[in-house]
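J.:
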Amino acid sequence: MKKVLSTVAALGLVAGLASTASAVEFKMSGKYLVEGAYLSDARGTGMDVTEAAGESTPSDAYWLHTFEIKPTMKVNDKISMSSTIRLADDTFWGNQGGGDTEGLGMATGQSSDNNVYVHTLYMDYASPIGKTRFGRVPTGGYGTNFMDFDKRGNRVMWWPTFLDKPFSTLFYIEKATENTVAGTANAETDADSDTYVARLYYNTDSLDSGIHYGYTNNMTNVTKSDRKQQLSAYGKYKMDNLFLNAELTHFFGEIDNDATGTPDSDYDSWAAMLQVGGKFDALTPSLMYFYASGQDRNEIVANGGDTENALGTAGTGELFEPLYILTGRHTGMLNNDIFSGNTGTMSTAGVHGVVLAADYAVSDRLKLHGAIGWAQADEEQLAGQDDEYGWEYNIGAAYKLLDNLTYEAHFGYLDTGDFFNGAGNTPNITENVYLLTHSLTMTF
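Just so we're aligned: 319 in this note's numbering is position 327 of the sequence shown, and the numbers increase by one with no gaps anywhere.
(1) If you reduce the DSSP assignment to three classes, tell me which class Asn237 lands in.
(2) So, with DSSP's three-state summary, where would you put Asn290?
(3) Find the nearest neighbour of Tyr54 within the set Gly38, Trp150, Pro63, Lys66, judged by alpha-carbon distance.
(4) Taking just the CA atoms, how far does Leu113 sit from Lys70?
(5) Tell me whether Asn209 sits in a helix, a strand or coil according to DSSP, three-state version.
(6) In the DSSP assignment, find the unbroken beta strand (DSSP E) run with Gly145 in it and report its ends.
(7) How long is the line joining the alpha carbons of Gly309 and Val214, rounded to whole angstroms?
(8) Among all the DSSP beta bridges, which residues are the ones paired with His242?
(9) Quick one: Cα of Glu313 to Cα of Pro255, how far?
(10) For Tyr207, which of Leu236, Val173, Asn195, Ala168 has the nearest alpha-carbon?
(11) Where does Met98 land, buried or exposed, given buried means 16+ other C-beta within 10 angstroms?
(12) Is it the case that the Cβ atoms of Val110 and Phe126 are separated by a distance below 8 Å?
(13) Report the rounded CA-to-CA distance for Phe159 versus Asn233, giving the unit in angstroms.
(14) Verify whether the separation of the beta carbon atoms of Thr408 and Thr433 is less than 8 Å.
(15) Whose C-alpha, out of Thr212, Tyr193, Thr196, is nearest the C-alpha of Asp182?
(16) Within the region 355 to 393, note down every full beta strand (DSSP E) run reaching 3 residues or more, in order along the chain.
(17) Could you check if Leu275 is buried or exposed, using at least 16 other CB atoms within 10 Å of its CB as the buried criterion?
(18) Relative to the C-alpha of Val425, which residue among Arg191, Asn386, Val347, Asp258 is closest?
(19) Answer yes or no: do Tyr259 and Phe272 have a C-beta to C-beta separation smaller than 8 Å?
(20) Excluding the 5 residues flanking Leu374 on each side, which residues of the same chain have their C-beta closer than 8 Å to its C-beta?
(21) What three-state label does DSSP hand Ser339 in the structure shown?
(22) Under a three-way DSSP split, which group does Asp186 fall into?
(23) Is Gly376 near Gly342, with beta carbons less than 8 Å apart?
(24) Whose C-alpha, out of Pro130, Val108, Ala190, is nearest the C-alpha of Phe141?
(25) Do Met265 and Glu239 have their C-beta atoms closer together than 8 Å?
(26) Pick helix, strand or coil for Asp248, following the three-state DSSP scheme.
(27) Just how far apart, CA to CA, sit Glu384 and Ala367?
(28) If you measure between the beta carbons of Val41 and Glu423, is that distance less than 8 Å?
(29) Look at the Cβ atom of Met65, then the Cβ atom of Val108, and state whether they are nearer than 8 Å.
(30) Could you compute how far the alpha carbon of Asn171 sits from the alpha carbon of Asp81?
(31) Could you spell out where the beta strand (DSSP E) holding Ser160 opens and where it closes?
(32) With DSSP run on the structure shown, which of helix, strand or coil describes Phe449?
(33) Is the CB-CB distance between Phe403 and Tyr381 below 8 Å?
(34) Asn327 by DSSP, collapsed to three states: which one?
(35) Among Glu27, Ala118, Leu162, which has the Cα closest to the Cα of Trp85?
(36) Within the same chain, show all residues whose beta-carbon is closer than 7 Å to that of Asn237, passing over the 5 residues directly before and after it, in chain order.
Quick look at the structure:
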């Protein structure tokens, strides 16, 4: 409670200063989301689609909420400060287990010390050589929303001005870990993890596109050299009432374990998304295919096998939710948003997914959504395991009660495939599952 009061007081002080100092302009936006969910098969940590012989998987119902404010202080024409402060971040009501760990464990709602935190805090400076940004910045969106996350990172960013439109560029350095460890002869060894990124954009009225190159030098384990590279390209094209979105990512690099005698291994994985659709008056249909390579169970990384898992432990990303269950935030299946790691074998197995969806605007206030999806694993994780995740069916509606107040209701049903039975001779029985959610979102 003290942190809440101190935060409000600080914002009031800033607003007061802004009202008396003509050179400072203060603005604030934000949102409050309250959401209820019911999962037919769960154990308090996300969806559980299997049950052993003689066992009945329980259901789970819960409420959670998120409240964030985004103050911006424009000092002058060249300098501004921005922040995102979260007073609740997917915080469960009661003692629900699990939860988003981005807020230092605050989502469990068990500790008052974790109810407020600064998600982002950064300064923009319009320098003579281009805009620069310093601080803890949002790192989620790039290109399409495929494999995009609601994360933050500590970066120094620069948008130079040496290219003319339709081209533009971005360079940044991100510090993931700052660390030193004691080396030999009383010396200290660099044990940092840093990422260096260069991006090139090409934007016109009909095409938004870009290329991303990232190099991560991870030295947190000083007994090995871990260098991972990422090359991504995206395009979002609009022509009359048709649109096409695409993104392709390749991870590559190497882990040198010579210091420990462990065999070396490489990074070598792919992920891609392709969506085509159109807007015909009130109807917007689309067809999507998405893919992420899985880890070959015979490629034992510890013994020098390549790291082929494109999804890692994070999944397809919190911002990518074409399906309520398989990629939804409440299940922990392919999207480890609220419930992290519940079905981590799916991220390891990768995915081939197809989604046919349609949105229909009944009026300016009411919008309807429907989708049918199918998905399977890219790589089986057990000998004799089936690769099908199953068929999913979604319906949803969003109604704007006020200009800044929206109510949404969603229903998803997953006809699960036999992937979740494990190997063919296991006693588990795959359950068909469903998910109900409804939410109220207020923006300001």
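Each residue gets a CB set at the ideal place from its N, CA and C atoms; glycine is no exception.
T.: Considering the structure as presented:
(1) strand
(2) coil
(3) Gly38
(4) 17 Å
(5) strand
(6) 144 to 152
(7) 30 Å
(8) Leu223, Trp262
(9) About 38 Å.
(10) Ala168
(11) Only weak support is given to the placement of Met98: the predicted model assigns it a pLDDT of 39, under 50, and the value that follows is read from those uncertain coordinates. Around the beta carbon of Met98, 16 or more other beta carbons sit within 10 angstroms, so the residue counts as buried.
(12) No; because the gap between Cβ atoms is not below 8 Å, this pair is not in contact.
(13) 25 Å
(14) no
(15) Thr212
(16) Unbroken beta strand (DSSP E) stretches of 3 residues or longer found wholly inside the region 355 to 393: 358 to 368, given in chain order.
(17) exposed
(18) Asn386
(19) no
(20) Excluding sequence neighbours, Leu374 sits near Arg289, Gly414, Ala415.
(21) helix
(22) strand
(23) no
(24) Pro130
(25) yes
(26) strand
(27) Roughly 9 Å between the two C-alpha positions.
(28) yes
(29) No; because the gap between Cβ atoms is not below 8 Å, this pair is not in contact.
(30) 28 Å
(31) 159 to 169
(32) Outside the shown range of the chain (-7 to 436) lies residue 449, about which nothing can therefore be said.
(33) no
(34) strand
(35) Glu27
(36) Thr136, Lys228, Gln267
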